[in-house]
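Numbering (the UniProt record's numbering), first residue to last: 1 to 322. All C-beta atoms in this analysis are idealised placements derived from N, C-alpha and C, irrespective of residue type, glycine included.
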Amino acid sequence: MSLDATVWAWRVELPQIKGGSKKPMKRLVLLSLADRAGEDHCCYPSVSRLSKDTGMDRKTIFKVIAELIEDGLIEDSGKREGSTKQVIVYRLKGVTGREEAGEIKNKQYQKRDSSKDENNSTKNGTVPKTEQYHFSGQRVPFFRGNSTKNGTQNLSMNLSLESKNKKSWLCLKKLREEIFLSDKSVDFDQLVMESWYHRELRAFELNNASKNLCDDLLIFHFADWLLNAKAKYERRQKASQPAKSFSGEQNNSTGLSQKQIAVFADKLSKHPEFSSKYAEGNESYEQLAARIAVKLADPVHQQKWMPYLIQVGFQKGKGAAA
Numbered sequence: 001m002s003l004d005a006t007v008w009a010w011r012v013e014l015p016q017i018k019g020g021s022k023k024p025m026k027r028l029v030l031l032s033l034a035d036r037a038g039e040d041h042c043c044y045p046s047v048s049r050l051s052k053d054t055g056m057d058r059k060t061i062f063k064v065i066a067e068l069i070e071d072g073l074i075e076d077s078g079k080r081e082g083s084t085k086q087v088i089v090y091r092l093k094g095v096t097g098r099e100e101a102g103e104i105k106n107k108q109y110q111k112r113d114s115s116k117d118e119n120n121s122t123k124n125g126t127v128p129k130t131e132q133y134h135f136s137g138q139r140v141p142f143f144r145g146n147s148t149k150n151g152t153q154n155l156s157m158n159l160s161l162e163s164k165n166k167k168s169w170l171c172l173k174k175l176r177e178e179i180f181l182s183d184k185s186v187d188f189d190q191l192v193m194e195s196w197y198h199r200e201l202r203a204f205e206l207n208n209a210s211k212n213l214c215d216d217l218l219i220f221h222f223a224d225w226l227l228n229a230k231a232k233y234e235r236r237q238k239a240s241q242p243a244k245s246f247s248g249e250q251n252n253s254t255g256l257s258q259k260q261i262a263v264f265a266d267k268l269s270k271h272p273e274f275s276s277k278y279a280e281g282n283e284s285y286e287q288l289a290a291r292i293a294v295k296l297a298d299p300v301h302q303q304k305w306m307p308y309l310i311q312v313g314f315q316k317g318k319g320a321a322a
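Printed below as a string of structure tokens:
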């Protein structure tokens, strides 16, 4: 989130065009865009995200964005982001950083002061006494440090320090939203409790250490990173599971051991009615038996072929005939 963009979105004048959207609606969309802007004052929230933030339908969102572009407050940067690379990246126009704004105003103030304009003299009480020493461009006096003497008057200058001293780029609330938008079936709470979660977090931070990405973009990519990691560890766990023995071990899904499946497959391949119905072309008994064995491992086919299985000696509850 860009604090400069948010402050700008609150303060910027919004024109009211006849027949256009109301100012509160435009302000709400602008604030939602600013809330997701990076340090470059660019953002690319999806229409569904803007709709969720503002409570407006998609048609209204498109209309308001078009009006904000016409008002000269935002523009299409020409870039595209998102997994499909089709989400428009908007640039907020006119946002000025606090440090930059302070430098401009400070220069203007010093220029006025050098002209010795009597209207700005301390004699008539129009300039706070402290300003004649600090030459600050702000309306309130500026003091170095966070002294209790100036209270909250220099809060706007402290905000820049706050934004630079953030402890972490990661916001779990935003990460939860990105995971949910990508895959609703994933249990986020379980995901962040996995034993490999912090390992993947460290790897992701190292991988992106040299990239100049805003917090929201880092969270977006980290969501994809976690989903890929989840799939990777699930595949690894599945591959590490011991394979079932084929030496007569009973198959829990069918109630038949691999040996019994092979026996019944051979009998069914030689059953006149069954073979005439399920054999393909010039298929040999051995080839047909091999196909039957694969399908007999499936409980659905076992139930489907139960009449034939009983005819060749299968007894329910016992497997092979006594």
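query: Take the Cβ of Val263 as the centre, count every other Cβ of all protein chains shown within 10 Å, and call the residue buried at 16 or more, exposed below.; result: buried
query: Within the continuous alpha helix (DSSP H) that includes Asp189, where are the two ends?; result: 188-192
query: Got a sec, what are the start and stop residues for the beta strand (DSSP E) Glu81 sits in?; result: 74-81
query: What are the start and end residues of the beta strand (DSSP E) that includes Ile88?; result: 87-92
query: Measuring only from the beta carbon, is Glu67 closer than 7 angstroms to any heavy atom that is part of the ligand SAM?; result: In terms of ligand content, the structure shown is empty, and the ligand SAM therefore cannot be addressed.
query: Less than 7 angstroms between C-beta atoms, sequence neighbours within five positions excluded: which residues of the same chain meet that for Ser2?; result: Ala34, Ala37, Gly38, Glu39, His41
query: Return the Cβ separation of Asp76 and Ile61 in integer angstroms, given the expectation that the two are a contact with Cβ distance under 8 angstroms.; result: In fact, because the Cβ distance is near 15 angstroms, the residues do not count as touching under 8 angstroms.
query: Buried or exposed for Lys238, please, with buried defined as at least 16 other CB atoms from any protein chain shown within 10 angstroms of its CB.; result: exposed
query: Sorted by chain position, which residues of the same chain lie with C-beta nearer than 8 angstroms to Tyr90's C-beta, five sequence neighbours on each side aside?; result: Leu33, Cys42, Cys43, Tyr44, Ile65, Ile74, Glu75, Asp76, Ser77
query: So is Trp305 buried or exposed if we call it buried at 16+ other beta carbons inside 10 Å?; result: buried
query: Out of Asp215, Glu200, Ser185, state which residue places its alpha-carbon closest to the alpha-carbon of Leu226.; result: Glu200
query: Pick out whichever of Ala209, Gly19, Trp10 has its Cα sitting closest to the Cα of Leu28.; result: Trp10
query: Helix, strand or coil for Gln315? Go by DSSP, reduced to three states.; result: strand
query: Trp169: which of Asp216, Ser185, Asn212, Asp183 sits nearest, CA to CA?; result: Asp216
query: Could you check where the alpha helix (DSSP H) with Ile219 kicks off and where it finishes?; result: 215-240
query: Taking Ala231 as the reference, which of Pro272, Ile261, Ser257, Asp183 has the closest Cα?; result: Asp183
query: What separation, rounded to the nearest whole angstrom, lies between the Cα atoms of Glu194 and Thr54?; result: 34 angstroms
query: Considering only residues of the same chain and omitting the five flanking positions on each side of His271, which have a CB-CB separation below 8 angstroms?; result: Tyr308, Gln311, Val312
query: When the Cα atoms are used, what is the spatial distance from His198 to Asp224?; result: 15 angstroms
query: Would you tell me roughly how many angstroms separate the C-alpha atoms of Glu81 and Ala279, rounded to the nearest one?; result: 54 angstroms
query: May I ask you to report which of helix, strand or coil DSSP gives Ser257?; result: strand
query: Would you kindly check if the distance between the Cβ of Val12 and the Cβ of Gly94 is under 8 angstroms?; result: yes
query: Per the DSSP calculation, Cys43 is bridged to which residue(s)?; result: Tyr90
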